[in-house]
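Here the structure comes first, spelled out in structure tokens, and everything after it is commentary.
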Amino acid sequence: MPVVEASERALRQAAVHRLAQLDTAGALGTEHVVLTAQALDVSERTVWRWVAARRASTPETERDRFRTDDALRTRLAYWRGNAAALHRELKAAENNRGPTAPTLRTIQRAIERDLPPGDHPAHAELGCHPGRAAGRDPAR
114 MPVVEASERA
124 LRQAAVHRLA
134 QLDTAGALGT
144 EHVVLTAQAL
154 DVSERTVWRW
164 VAARRASTPE
174 TERDRFRTDD
184 ALRTRLAYWR
194 GNAAALHREL
204 KAAENNRGPT
214 APTLRTIQRA
224 IERDLPPGDH
234 PAHAELGCHP
244 GRAAGRDPAR
């Protein structure tokens, strides 16, 4: 393992810190990595590994996610739990100068994440909460 002098280590830390800032801002590009690799006399792959390690060590902040609010839950109930129909409704509203509609998959993820099991459309089709079917008397 090569010995890294303190000045080289400090330069590397400063470079990785700046690259991490660019990465967080979404502005990190290959040109930044190439210049850093040339300046530090290492491969581009090494710099990308440093950035990845920094990314992994930095706790992620909770990003704004699409959430199902009461109005969307009401609309979902109107469509009997049909996320595709809700998506079509939101797209129609977007086409009439409304807010930008999320993708169908985003709506499906939000339903899965935000709705309690008893309100989930897939469970409503079964007529029970998950796990309760096993406790029911099949003779009834």
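With the working numbering, letter number 136 in the sequence shown gets 249, and the count goes up by one each step, no holes. Ideal Cβ positions, reconstructed from N, Cα and C, are used throughout, including at glycine.
In chain order, VAL129, ALA133 place their CB closer than 6 Å to the CB of ARG167, counting only its own chain and leaving out the 5 sequence neighbours on each side. When C-alpha distances from GLN221 are compared across ALA138, LYS204, PRO212, LEU199, the shortest belongs to LEU199. The C-alpha of SER156 is placed about 22 Å away from the C-alpha of THR137. By the neighbour-count definition (other C-beta atoms within 10 Å, threshold 16), THR216 is an exposed residue. Here ALA223 is buried, its C-beta having at least 16 other C-beta atoms within 10 Å.
Nearest to THR143 by alpha-carbon distance, out of ALA206, ASN208, ARG158, is ARG158. In the three-state reduction of the DSSP assignment, VAL155 falls in the coil class, being assigned neither a helical nor a strand state. In this chain, ASN195 is not harboured by any alpha helix (DSSP H), its DSSP state being neither H nor E. THR149 counts as buried, since no fewer than 16 other beta carbons sit within 10 angstroms of its beta carbon.
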